[in-house]
Every structure is written in C-alpha cells, then in structure tokens.
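Residue numbers (the numbering used here): 4 to 154. Note that the Cβ used here is the ideal one computed from N, Cα and C, for glycine as well. I have placed the structure first, in the form of structure tokens, so that the comments after it can refer back to it.
See below:
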C-alpha cells in the first residue's frame, strides 16, 4: 500500500497487514472504485474500500467462484480486515457509498450469472455493520452503460 500526506503530490510505500476474509481468502484491490471514510455512527472514521477475490486466475471457467467483498481499517490503514463475501458470485468492479442513515450501499458489476440472468447487469446489497457483512441482495434492473458483451 502507498500513502500520501500531501493530497497525492507524493507517495510513500507503507507496511500494511490485510487479513483474509471469513473463507480464508485475501482480496485484490484492483478493478474496483476508490474507498471512502465513514462519517456516521458507530464506525465513524473507518476506512472502507471495495475489493474482490479471484478464484485462482481470471479465467472464464473460474468466474462462478469469483466474488467481491471489501476491506476496512479502524487504525488509519495500518491493518485491514476483509469483509464477508458479497452475496452474489461472479461479481467484480464494485463501489461503496455511505447512506445518510449510516448504512453502506455496495454496488457490484457481474460478469457471470446463473439461471438466465443478464451477467452484464449489476447487483447491490447493503451493510449495517460498517461494511463487515452484506445483506439485501438485489438485482439491478437498470441496464449498465458502456460496451456490452465485449469479452
């Protein structure tokens, strides 16, 4: 991890510990949106960033086992916990936002879906524990923007 103390003008590599998720997997940070600092409630000040776990490699045959999650830190980024997996498999390219009531909104793209669902549509869920777990999985009915079926 890298840290900037001058609003991004310079960066310094720092030691950070990222603990595995409840399944024992350590996530990757790329291909997701930036993180946020929680501003409300019990977890005020927590750093939260969407992340994802690849089931070995990013091969199409392994997509059903991929999932997104999030990493969070309560000590300014020195140590990071990894959340429970997002409740839909085949997900990636996620973003998080803090809602006015303190819940966390999590929106994730999906590149694989069972049962005839459009894999290019996303999913959302929310957290009421500062991003440690996710619930209320909902299929996003709005078509995504940008190119589709480009794989």
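Next item on the list: Take every Cβ of the region 73-89, pair it with every Cβ of the region 46-59, and state whether three or more of those distances are shorter than 8 Å.
Entry: yes
Next item on the list: Provide the residue span of the beta strand (DSSP E) that contains residue 130, from first to last.
Entry: For the purposes of this step, residue 130 is identified with residue 127 of the chain shown, where counting begins at 1. Per DSSP, residue 130 belongs to the beta strand (DSSP E) from 126-130.
Check: Helix, strand or coil: how does DSSP classify residue 44 here?
Finding: Working through the chain shown from its first residue, we reach residue 44 at position 41. Here residue 44 sits in helix by DSSP.
Margin query: Using C-beta distances below 6 Å, list every residue in its chain close to residue 139, excluding the 5 sequence neighbours before and after it, in chain order.
Written below: Start at 1 with the first residue of the chain shown, and residue 139 comes out as number 136. Closer than 6 Å at the Cβ level, and outside the excluded window around residue 139, lie 128 and 129.
Margin query: On the CB-based measure, 16 or more other CB atoms within 10 Å of its CB, does residue 37 come out buried or exposed?
Written below: Counted from its first residue, the chain shown places residue 37 at position 34. So residue 37 counts as exposed.
Margin query: What does the Cβ neighbour count give for residue 101, buried or exposed, with the cut at 16 atoms within 10 Å?
Written below: Translated into the one-based positions of the chain shown, residue 101 becomes position 98. Residue 101 should be labelled buried.
Check: Between which two residues does the beta strand (DSSP E) containing residue 142 stretch?
Finding: Locating residue 142 in the chain shown gives position 139, where the first residue counts as 1. In the DSSP assignment, residue 142 falls within the beta strand (DSSP E) that extends over 138-142.
Check: Is DSSP giving residue 154 helix, strand or coil here?
Finding: Locating residue 154 in the chain shown gives position 151, counting from the first residue. With a pLDDT of 47 at residue 154, under the threshold of 50, the modelled position of that residue is not reliable, and the figure given next carries that caveat. Of the three classes helix, strand and coil, the one that applies to residue 154 here is coil, per DSSP.
Notebook entry, point to check: Is residue 24 buried or exposed, if buried means 16 or more other CB atoms sit within 10 Å of its CB?
Noted result: Numbered from its first residue, the chain shown carries residue 24 at position 21. Flag for residue 24 reads buried.
Notebook entry, point to check: Which class does residue 66 belong to by DSSP, given the choice of helix, strand or coil?
Noted result: Taking the first residue of the chain shown as 1, we reach residue 66 at position 63. In this structure, residue 66 counts as helix in the three-state DSSP scheme.
Next item on the list: May I have the straight-line CA-CA distance separating residue 189 from residue 72, to the nearest angstrom?
Entry: Residue 189 cannot be examined here, being either before or after the span of the chain that is shown, 4 to 154.
Notebook entry, point to check: For residue 141, which option in 124, 132, 134 and 135 has the closest C-alpha, if you only look at C-alpha atoms?
Noted result: Position 138 of the chain shown, counted from the first residue, corresponds to residue 141. Of the listed residues, the one whose Cα sits closest to residue 141 is 124.
Notebook entry, point to check: What whole-angstrom Cβ distance do residue 99 and residue 39 have, given they're in contact under 8 Å?
Noted result: Residue numbering aside, residue 99 sits at position 96 when the chain shown is read from its first letter. Residue numbering aside, residue 39 sits at position 36 when the chain shown is read from its first letter. So it is a contact: roughly 6 Å between Cβ atoms.
Next item on the list: Please confirm whether residue 96 and residue 34 have their CB atoms less than 9 Å apart.
Entry: What you label residue 96 is simply residue 93 of the chain shown in a count that begins at 1. What you label residue 34 is simply residue 31 of the chain shown in a count that begins at 1. Their beta carbons are under 9 Å apart, which means residue 96 touches residue 34 by this criterion.
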